[in-house]
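Presented below is the structure to which this report refers.
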Amino acid sequence: MTRLRRFGATIALPTLSIVLAMVVGSIVMLVSELLVSGRLRPDLPINAYSALINGSVGNPNAIVNTLVQTTPLILGGLSVGLAFKAGLFNIGAQGQFLIGALVTVAVGTQFRTSEPGFVGLIVAIAAGTLAGAAYGFIPGILKAVSGAHEVVTTIMLNFVAVSTVAALVSGLLDVPGSPSPITLDVGTAALPVIFGRNGHLGILIAPVIAAALSWLLFKTTWGFEIRTAGANPEAARYAGMNPKRIIVYAMSLAGGLAGLAGATEVLGVTKHMTASYGTTVGFDSIAVALLGRTNPLGIVFAALLFGAMRSGAAAMQIQAGVPAELVGVLQATILFFIVASSVVRRIFRLRAAGPGLDEATTISRSYGGGDATRAA
Amino acid sequence: MSIPTEEVLPAEVVQAPALEMRGITKRYPGVVANDSINLTVRPGEIHALLGENGAGKSTLMNVLYGLAVPDEGEILLDGVPLMLSGPTDAIARGISMVHQHFMLVPVLSVAENIVLGEETMANPIFLDRREADRRIIELGKRFGFEVDPDLKVGSLSVGWQQRVEILKALYRDARILVLDEPTAVLTPQETEEIFAVLRRLAGQGHSIIFISHKLYEVLEIADRITVIRRGKVVGERIPSETSENDLAELMVGRAVDLTANRGESHPGSPMLRVSGLRVRDDRRQEAVRGVDLEVREGEILGIAGVAGNGQDELVAALTGLRKPFAGRVLLGDADVTGAASRRISEAGVGFVPADRHRFGLVLSYPVADNMVLTSYHRAPFARGIVRDDKAIARVARERISEYDIRTPSEDVKAGTLSGGNQQKVVVAREFSRDLKFLILDQPTRGLDVGSVEFIHGQVIAKRDAGTAVLLVSAELDEIMELSDRIAVMFRGRLVATMDARGADKNEVGLLMATGGEKDVSPVVTAS
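First to last, the protein sequences are chains A and B.
Here the first sequence stands for residues 1 to 376, where the numbers follow the numbering used here.
Here the second sequence stands for residues 1001 to 1527, where the numbers follow the numbering used here.
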């Protein structure tokens, strides 16, 4: 009974945020239609939303496509969510994703036809994951040693990652003679398609990783240490844990997850990289982690929602004539309401959790934090 | 209001109450925090409000201060009903509160702190500093505690900071002054001084509501005492007609043993030996400046001292949370100087930290997780890295019943428990381990009589079982009551060590305040 109520309280805020975002999305549609065509079309939101739903889960192909879109969001969301659990705000999932993807391609393209496929696949995935972990290790060690705030360092490292991709893809990894900078295809290292047209193996990897992370966080002493360092670094120190070391581990693990997201994306979807490899997965992952309330299971559902929106956006544009960019408006608005939770609570008259009892306080505290790195 | 008739009325009735709270009822989900409480405070009266934690004192004062809206009842100021919209409103009507934790900005001067939010402007841009200084000096003269308005508040002793808080209220023309546990942080001498100030305030017609746990203080200072238990007024007393035992019984609802019932100690061989210990604080200042001490098995060594004299750093160094830069710490035969807290803990050192919210507990965790916070990594709570949730829950349930912790279950978040029960969780966790040495830092701060009694009993039991106990407390009463030997810490040194039997409380208090030196100015710079 109490468990059920606790569950209800946990999903109330995300659900209401989604509802509010849909209302805001409707208003945006109606107003922009009014401004553009001078007509008021009250049926437009319903048409758009039903096209969005239809385009994301309306047929087997759409469902597979939704799952493909969901995969990197789950892994990226887990990356940001794990960092949150440790009291860290990993804005660097984007950079870790890119570095992971880049190294995966660089390694994957070395395997051509001589070895069996799975060797290249495993080596490439491992390389990408480790590269992401190394890229997460940097802000982790900087914070532990000097107290440099991970929000600042990861934002900077995101720029470094974008430029590194551009430099290597147009230089070392560029296919000679190609009209624009592009890498070779990963060939036999690619993730095999197991469902429909494009349902690659990564679709299965992501939920397995989510379950493993959930186990790690809630069923092991390591997870207990990570959560304690996040919830109360001073208590963690008192309890004989080493918050600085936990910061380094957690950031590395978070980077590894984002790197794995990058690996599955290039091995399962794009198969190569261009110099201006465009993605917002790393940033969307922040929204996914917040919507999923930093919990692995919640993150899986939040990623499904965002994946479905990305996947159905094209159908919405074609069938209802609403630009696909509306999906961006919806995602941003959901995030807005999640972060400004007191606004939602006021609108729906929800009671707030007591001070220090809400997990979300970890998120806001991680801006001003640095507690864990206080001089011993 | 009926018009007074010509009949001779008792003196009490003639003197109209300055403040009357009638039938105040405040409900929160699941609890009635205040259940038709009546409280009458006369002009010039010091009225003590006594009650355990969670009895409803804070709720009642929040209602008075405009922070909570009562579900029923009314507040009358000089016989006129009033509706308060918030603290600003309350202050405007002459009701002020001096909080237990001072609301002062240390880097600002006394005058700046006092006028904050109530600035007199010389012109639209600049403050009228001279007028502010003049009023502050005048108020100080009138009530007998002059303070230099230009001094930085951070450089004042705790006792003087409190006076600044009171000046702040008086500057806003407060007529009803609420003091929330004003003596919790003071030495006996400072307490006497603040009592003199309160008496002078009352003498000039101010009404004071004095909230405290300390029964003898209430008996000394109050004109009348209202006792609250579980949201209801359970009695009103006049000090001359009551006793500490009577008040304690009213508060708790049963007979309470006020003195820790302890026999003689039987000290064994030295367990903790500290020599020449020197520790720096966060600002790299030397906070512990050469401490030697010894705690034997089966004895309690109490360290008395005004907060901020190096006790925090000493405790941190002994528990591995801070590395000393000189000296040695021996636990039995093992050298644990500068060892990590995990190693010290595994060597059999239990630690009840002063700030349970900051160190002792993770408030967002269930009680069960908090019960294993310092032993989560060991059998039976973990096998390898895998937690055994069942074992954790089982042991948590055992300790909950053994230590009489009031919680619906072990799954409830620690943050939802009352302060006394939270502290019992910390005590249960640390005391249940196989201990050689136990460090207690302010173990009963802010707890009610019942919880204090329980925890003190547990400490004595640990001592009698042969554990060496180091008790650090700013509450001299607690030191006097529990310790077998007493050491006084002053400015980073132990200035005196004595046998607790025959130790004089005033003498210890004087040592705490002056370190045994003569002519220490009342404005003492912390550290």
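Where a beta carbon is used, it is the ideal one built from N, C-alpha and C, also for glycine.
All values derive from a computational prediction rather than experimental measurement.
DSSP beta-bridge partners of Asn1034(B): DSSP, once it has assigned bridges, lists Lys1026(B) as partnering Asn1034(B).
The segment 12 to 27 of chain A contacting the segment 267 to 276 of chain A, beta-carbon criterion three pairs below 8 Å: Contact fails: fewer than three Cβ-Cβ distances are below 8 Å.
Nearest to Glu1192(B) (by Cα), restricted to the options Ile1176(B), Gly1515(B), Ile1460(B), Asn1506(B): Nearest C-alpha to Glu1192(B): Asn1506(B).
Per DSSP, cross-strand counterpart(s) of Ala1496(B): DSSP output for Ala1496(B) lists Val1488(B) as bridge partner(s).
Pick from Val1041(B), Val1315(B), Pro1182(B) that is closest to Ala1016(B), judged by C-alpha positions: Looking at the Cα atoms, Val1041(B) is the closest of the given residues.
is_contact[Lys219(A), chain B] using C-beta, thresh 9 Å: Yes, its Cβ sits closer than 9 Å to a Cβ of chain B.
Residue interval of the alpha helix (DSSP H) (run including Ile1228(B)): Per DSSP, Ile1228(B) lies in no alpha helix (DSSP H); the unbroken beta strand (DSSP E) holding it starts and ends at 1224 to 1229.
For Phe137(A) and Leu173(A), the rounded distance between their alpha carbons: Each residue's alpha carbon lies about 25 Å from the other.
9 Å Cβ cutoff, Asp1369(B) in contact with chain A: It does; some Cβ of chain A falls within 9 Å.
Ala1048(B) - containing beta strand (DSSP E), residue span: Counting along the chain, the unbroken beta strand (DSSP E) around Ala1048(B) starts and ends at 1046 to 1051.
DSSP beta-bridge partners of Glu1074(B): BP columns for Glu1074(B) point to Arg1022(B).
Beta-bridge pairing of Thr220(A) - partner residues as DSSP gives them: Beta-bridge partners assigned by DSSP to Thr220(A): Val1386(B).
CA nearest to the CA of Leu291(A), picked from Ala324(A), Leu35(A), Thr333(A), Tyr277(A): Out of Ala324(A), Leu35(A), Thr333(A), Tyr277(A), Thr333(A) has the C-alpha closest to the C-alpha of Leu291(A).
Simplified DSSP state of Phe1437(B), which is helix, strand or coil: Three-state DSSP puts Phe1437(B) in a strand.
Presumed contact (8 Å Cβ cut-off) between Val1349(B) and Phe1437(B), rounded CB distance: Rounded, the Cβ-Cβ distance is 5 Å, consistent with contact.
Proximal chain B residues relative to Tyr249(A), where beta-carbon distance stays under 7 Å: Within chain B, no residue has its beta carbon less than 7 Å from that of Tyr249(A); the closest one is some 13 Å off.
Pick from Glu1165(B), Ile1091(B), Val1234(B) that is closest to Pro1106(B), judged by C-alpha positions: Minimum Cα-Cα distance from Pro1106(B) among the listed residues Glu1165(B), Ile1091(B), Val1234(B) corresponds to Glu1165(B).
Where Arg1342(B) meets chain A, residues with beta-carbon distance less than 7 Å: Gly240, listed in chain order.
Where Thr294(A) sits in the DSSP three-state scheme: In the structure shown, Thr294(A) falls within a coil segment according to DSSP collapsed to helix, strand and coil.
Below-9 Å beta-carbon distance, Gly1350(B) vs any chain A residue: At a cut-off of 9 Å between beta-carbon atoms, Gly1350(B) makes no contact with chain A.
Nonlocal neighbours in the same chain, by C-beta distance under 6 Å from Phe1102(B), ignoring five residues either side: Within its own chain, the residues whose Cβ lies closer than 6 Å to the Cβ of Phe1102(B), once the five positions on either side in sequence are excluded, are Gln1161, Glu1165, listed in chain order.
Where Met156(A) sits in the DSSP three-state scheme: In the three-state reduction of the DSSP assignment, Met156(A) falls in the helix class, which pools H, G and I.
Neighbouring residues, chain B, relative to Ala231(A) (Cβ below 9 Å): Near Ala231(A) (Cβ distances below 9 Å), the residues of chain B are Val1362, Leu1363, Ser1364, Tyr1365.
Straight-line gap, Leu184(A) to Thr280(A) (C-alpha atoms, nearest Å): In this structure, the CA atom of Leu184(A) is about 23 Å from the CA atom of Thr280(A).
Residue burial classification, Pro14(A) (beta-carbon count within 10 angstroms, cutoff 16): By the beta-carbon neighbour count (other beta carbons within 10 angstroms, threshold 16), Pro14(A) is buried.
Trp11(A) burial status per 10 Å Cβ neighbour count (16 or more: buried): Residue identity check: residue 11(A) is Ile in the sequence provided, not Trp. So Ile11(A) counts as exposed.
8 Å contact criterion, which Gly259(A) and Phe97(A) should meet: CB distance rounded: Gly259(A) to Phe97(A), Cβ: 7 Å. Contact.
Where Ala235(A) meets chain B, residues with beta-carbon distance less than 8 Å: Near Ala235(A) (Cβ distances below 8 Å), the residues of chain B are Arg1358, Phe1359, Gly1360, Leu1361, Val1362, Leu1373.
Extent of the continuous alpha helix (DSSP H) to which Phe1145(B) belongs: In this chain, Phe1145(B) is not harboured by any alpha helix (DSSP H), its DSSP state being neither H nor E.
Chain A within 9 Å of Asp1389(B), Cβ atoms only: Taking Cβ atoms only, chain A reaches closer than 9 Å to Asp1389(B), which makes this a yes.
Which residues DSSP lists as bridging Pro1180(B), in chain order: Here residue 1180(B) turns out to be Asp, not Pro, going by the sequence shown. DSSP output for Asp1180(B) lists Ile1211(B) as bridge partner(s).
Chain B contact for Phe7(A) (CB, 9 Å cutoff): Not closer than 9 Å to any Cβ of chain B, the Cβ of Phe7(A) fails to qualify, so no.
Three-way DSSP call (helix, strand, coil) for Ser311(A) in this model: In the structure shown, Ser311(A) sits in a helix (DSSP, three-state: H, G or I).
Beta-carbon proximity list for Ala1354(B), same chain, < 8 Å, skipping 5 on both sides: Hits under 8 Å: Asp1312, Val1315, Asp1441, Gln1442, Arg1445, Val1472.
Glu325(A) (DSSP reduced to helix, strand or coil): Three-state DSSP puts Glu325(A) in coil, outside helix and strand.
Residue from Gly268(A), Ala289(A), Arg310(A), Val339(A) with nearest C-alpha to Ile122(A): Cα-wise, what sits closest to Ile122(A) is Gly268(A).
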